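Below is one structure; the comments refer to it alone.
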DNA sequence: GTTCCACCGGAAACGGGGGACC
DNA sequence: GGTCCCCCGTTTCCGGTGGAAC
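Residue numbers (UniProt numbering): 1 to 333.
Structure representation (structure tokens):
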């Protein structure tokens, strides 16, 4: 039944983007100077998870690469590359200029100097999840680098700017902004249909079932595509040539659990212990949480580090921190 | 109204791991 | 082999906040 499993991967960049014409045009216009060998203005892509920001950024940059001979591009995920050093390193990787750079001995400033010394063809850098940067000052460094054009992807504009210093905010104030709204059910169903047509055999899924998935995903294309993939996998396991409604319905919670499992797998052992304690309690106050954690592990980290871990868990959407100060409680998301 | 205290998170310091250099 | 330098995870220190107790 599966013809091309790649298209069922949420990371897959399709050859045509569905229901984002306005956003594609806006981004193409922003990148237009690159076609004349000039740098593009800094552009923000804002919107909730699963609204196609990353997909569209990669798609548009891909189109640009097809149209322009002299261009360099790089994608940097700031969730994984959260320090100034790692961002600059990834950017130099895109220029093939990391050959003599050593993780443990080359100062960050040397990396920056090398990026700033670049004077080749336009270089378009996509900084995804830019609100996860621990050292946003790197944006200032890059802003001052003439040949580098930045596409900055983030969920919420307010959250991103709240974490930046005034100097950077004023510089970025005039930058172009493209906003993404959540997909409607019809739009999501159309996105799924396009993937089914390319990735599965004909009539593998009914339109009504695609609408069911779209509805359950609540506007999040990533969840919708994961659900479709989970359903296709289960139907394949059962040796079916179509995905029945019962499998579709079972795939909805399965896809959400899979996303959560992936997030849990990325945690360090101490972070997992904290998550388990919160899960066991349902809702737990900080004092009890810290105390239980200290009892449960042989080499507990300091309370301050625990707070850093808890913030990490919250950013992963694994837990929720409710209330302030003494009223603070933690619960699983 | 004042004091106490639990909690948060920023900033700086510390130390481990590892590569470069002599 | 010893020393220096760097990144990065962690700890230490501490100021801010606001509810509880007096």
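Glycine included, every Cβ here is placed at the ideal spot set by N, Cα and C.
The model shown is predicted, which means the values in this text are computed figures rather than measured ones.
With contacts defined by Cβ atoms closer than 8 Å, residue 122 and residue 71 form a contacting pair. As a beta-bridge residue in DSSP terms, residue 332 pairs with 319. When only Cα atoms are considered, residue 5 and residue 282 end up about 38 Å apart. Pairing residue 131 with residue 81, the inter-Cα distance amounts to about 12 Å.
The beta-carbon distance between residue 290 and residue 319, rounded to whole angstroms, is 14 Å. This is too long to meet the 8 Å contact definition. The residue from 145, 194, 218 with its alpha-carbon nearest to that of residue 207 is 194. DSSP lists 125 as the bridge partner or partners of residue 74. In chain order, 309, 312, 313 place their CB closer than 7 Å to the CB of residue 271, counting only its own chain and leaving out the 5 sequence neighbours on each side. Contact annotation: residue 182 and residue 54 have beta-carbon atoms that are not nearer than 8 Å. Uninterrupted alpha helix (DSSP H) stretches at least 4 residues long and entirely within the UniProt domain "AAA+ ATPase" (39-184) occur at 53-67, 84-93, 108-116, 137-143, 157-162, 166-172, given in chain order.
With fewer than 16 other CB atoms across the displayed protein chains lying within 10 angstroms of its CB, residue 169 is exposed.
Between residue 88 and residue 13, the beta carbon gap of about 25 Å keeps them out of contact (Cβ cut-off 8 Å).
Selection 108, 157, 216 evaluated against residue 135 yields 108 as nearest (Cα-Cα). With a minimum length of 4 residues, the unbroken runs of alpha helix (DSSP H) contained wholly in the segment 224-297 fall at 245-265, 269-281, 286-296. In this chain, the alpha helix (DSSP H) harbouring residue 27 covers 21-31. Burial check for residue 235: the Cβ neighbour count within 10 Å reaches 16 or more, so the residue is buried.
It is roughly 7 Å from the alpha-carbon of residue 43 to the alpha-carbon of residue 178. Residue burial is scored here from C-beta neighbours: residue 10 has at least 16 other C-beta atoms within 10 angstroms and is therefore classed as buried.
Exposed is the label assigned to residue 69, since fewer than 16 other Cβ atoms lie within 10 Å of its Cβ. Under the 10 Å beta carbon count, residue 184 is surrounded by fewer than 16 other beta carbons and is classified as exposed. The Cβ atoms of residue 227 and residue 218 lie no closer than 8 Å to each other.
For residue 216, the enclosing alpha helix (DSSP H) covers residues 207-217. CA-CA distance, residue 315 to residue 215, rounds to 25 Å. Remark: C-beta atoms of residue 124 and residue 151 approach each other more closely than 8 Å. By a beta-carbon distance limit of 8 Å, residue 331 contacts residue 278. Their separation comes to about 7 Å.
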